[in-house]
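Let me begin by presenting the structure, written as structure tokens, before commenting on it.
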Amino acid sequence: MKELFILAVVTVFTLLTYYLVEPFAHSQMHKHFESEGFTYKDLPALTKKGDATRGKDLVMGAGACVGCHGIEVAGLPAPMDPVTAAQSYGVNPPDLSNAGAVYDAKFLANLIKNPAHALMVEHKFDPAKGKMHPMPQFYGAGGDIDQEIVDMVAYLQSIAPKPEELSADQAFETACGRCHAIHYEYNLDGELHPAWTQIGEKPAFKKKQDELKFESNVLDYQDALTKYMGTLPPDLSMYIRSRGEHYIKTFVENPQNYLKGTAMPRVGVNAEAAEKIIEHLENVGDSKRHKREEVGKNVMMYIFIFAIFAILWKKEVWRDLH
């Protein structure tokens, strides 16, 4: 029993030391905010029911969405290549094929009506100072503007994949991939995923000239993005391990909480898409986590069984000595 008491004392002090060094110290050194569940309570609720058919006409017509955005699922490619788009708008406008599944409906509606307010970047884009957001506001097509907006949202939701069909890759690319790169390749379930740049996956090149041209395009895009944002958004390869899930979720939900005045916009994803983004970051930054957790369980079982045999052996030896 003496050995078990010593083990218990060592375990308690080890855990206490870990808590003081890691979680407690982290909580004191960094701001902590609780998630609001991606409900966006500061934005007005939707009170009308949308009509996807009317919404399609608006998106393709008076809404002028396809003037900047592609909709691949509808057979509409992006009107500009990513570099030209970034040089025109600061960042490449996203393809809208998955927008209805990735973004919260209330956020989408408010984004269409007043982009700077929905994105929480009014401190950067102030019309009174002649600074307009690159995405123009929708002023209506002659009818009830609120109804027209929910119709547009309904159309985007109708063409988007169902939440359970949305992949982690798709969620990341739509919400984060036009500003953030992931320079790590990663292997998931035997499939190699290439590195991600702000203009898309980095393909394998047969000719060095093609690789240099691609890298030049990435640099041109990053130059435009840096000018727009004030700094180049960080590579997210290891963010899940350096920041953790809670920080990333609450930062994405409201960047202004952590960095007042930051140029990073509120992303506006829904709760399901946020989980997909975290899954993608885990796949990249901690792709061996499942295997590691399984090995960890086996190691703990081995140590436990070994400890039992060690205690029994110790008792047997001392019994013979006595």
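Here our numbering runs 45 ahead of the position in the sequence shown, where the first position is 1. Cβ atoms here follow ideal geometry from the backbone N, Cα and C, with glycine treated the same way. Values in this document were obtained by computation on a predicted structure and should not be read as measured data.
Drop a sphere of 10 angstroms on the beta-carbon of arginine 286, count the other beta-carbons inside from all chains shown, and report buried for 16 or more, exposed for fewer.
-> Taking the first residue of the sequence shown as position 1, residue 286 is located at position 241. Classification of arginine 286: exposed, given that the 10 Å Cβ count is below 16.
Phenylalanine 152 vs tyrosine 200 beta-carbon contact at 7 Å | Position 107 of the sequence shown holds residue 152. Position 155 of the sequence shown holds residue 200. It is not a contact, given that the beta carbons lie outside the stated cut-off.
Using beta-carbon positions only, say whether leucine 281 and isoleucine 227 come within less than 7 Å of one another.
-> Indexing the sequence shown from 1 puts residue 281 at position 236. Indexing the sequence shown from 1 puts residue 227 at position 182. Going by C-beta atoms, leucine 281 is nearer than 7 Å to isoleucine 227.
Where isoleucine 194 and tyrosine 284 are concerned, what is the direct C-alpha to C-alpha distance, given to the nearest angstrom?
-> Position 149 of the sequence shown, counting from 1, holds the residue named residue 194. Position 239 of the sequence shown, counting from 1, holds the residue named residue 284. So the alpha carbons of these two residues sit roughly 35 Å apart.
Jot down the residue ranges of each uninterrupted alpha helix (DSSP H) in the segment 110-190, minimum 4 residues, whole runs only, in chain order.
-> Whole alpha helix (DSSP H) segments, 4+ residues: 127-134, 144-147, 150-158 and 160-163.
Which residues in the same chain have their Cβ closer than 6 Å to the Cβ of glycine 95, if we skip the five residues on either side of it in sequence?
-> Numbered from 1 along the sequence shown, position 50 holds the residue referred to as residue 95. Answer for glycine 95: Val195, Asp196, Val198 and Ala199, listed in chain order.
Take every Cβ of the segment 248-258, pair it with every Cβ of the segment 354-364, and state whether three or more of those distances are shorter than 8 Å.
-> no
CB valine 54 to CB valine 314, shorter than 7 Å?
-> One-based indexing of the sequence shown puts residue 54 at position 9. One-based indexing of the sequence shown puts residue 314 at position 269. It is not a contact, given that the beta carbons lie outside the stated cut-off.
Does the Cβ of glycine 120 have 16 or more other Cβ atoms within 10 Å, making it buried, or fewer, making it exposed?
-> Translated into positions along the sequence shown, residue 120 becomes position 75. By the 10 Å Cβ count, glycine 120 comes out exposed.
Can you give the beta carbon distance from proline 208 to glutamate 317, rounded, assuming they're within the 8 Å contact cut?
-> The residue labelled residue 208 in the question sits at position 163 within the sequence shown. The residue labelled residue 317 in the question sits at position 272 within the sequence shown. Rounded to whole angstroms, the Cβ separation of proline 208 and glutamate 317 is 5 Å, and the two are in contact under 8 Å.
Measure from the alpha carbon of tyrosine 266 to the alpha carbon of each residue in Gln301, Leu304 and Gly135, then state which is nearest.
-> Sequence index remark: in the sequence shown, residue 266 carries index 221 (1-based). Per the Cα distances, Gly135.
What do you get for valine 14, buried or exposed, if any count of 16 or more other CB atoms within 10 angstroms of its CB means buried?
-> Not covered by the structure: residue 14. The range shown for the chain is 46 to 367.
Simplified DSSP assignment, three categories, for isoleucine 244 = In the sequence shown, residue 244 corresponds to position 199, counting from 1. If DSSP states are grouped into helix, strand and coil, isoleucine 244 belongs with coil.
Are there 16 or more other CB atoms within 10 angstroms of the CB of valine 329, so buried, or fewer, so exposed?
-> If you number the sequence shown from 1, residue 329 lands on position 284. Classification of valine 329: buried, given that the 10 Å Cβ count is 16 or more.
Taking only the alpha-carbon atoms, compute the straight-line gap between lysine 321 and valine 340 and give it to the nearest angstrom.
-> Translated into the one-based positions of the sequence shown, residue 321 becomes position 276. Translated into the one-based positions of the sequence shown, residue 340 becomes position 295. Going by the C-alpha atoms only, they are around 25 Å apart.
To the nearest angstrom, how far is it from the Cα of glycine 187 to the Cα of glutamate 290?
-> Taking the first residue of the sequence shown as 1, we reach residue 187 at position 142. Taking the first residue of the sequence shown as 1, we reach residue 290 at position 245. About 44 Å.
Is the Cβ-Cβ distance between tyrosine 303 and lysine 76 less than 7 Å?
-> Translated into positions along the sequence shown, residue 303 becomes position 258. Translated into positions along the sequence shown, residue 76 becomes position 31. Result yes, Cβ atoms of tyrosine 303 and lysine 76 sit closer than 7 Å.
First and last residue of the alpha helix (DSSP H) that includes glutamate 210?
-> Here the question's residue 210 lines up with position 165 in the sequence shown. From DSSP, glutamate 210 is part of no alpha helix (DSSP H); its letter is neither H nor E.
Quick one: grab the DSSP three-state call for tyrosine 347.
-> As a first step, residue 347 is located in the sequence shown; it is residue number 302 there, counting from the start. Here tyrosine 347 sits in helix by DSSP.
Who does isoleucine 51 pair with in a DSSP beta bridge?
-> Counted from its first residue, the sequence shown places residue 51 at position 6. Paired residues: none, contrary to the question.
From Ala123, Ile190, Pro124 and Ala150, residue whose alpha carbon lies closest to that of alanine 90 = Your numbering for residue 90 matches position 45 in the sequence shown. The shortest C-alpha separation from alanine 90 is found at Ala150.
Just tell me which of Phe349, Pro310 and Gly175 has its CA closest to the CA of glutamine 301.
-> Within the sequence shown, numbered from 1, the residue matching residue 301 stands at position 256. Of Phe349, Pro310 and Gly175, the residue nearest in Cα terms is Pro310.
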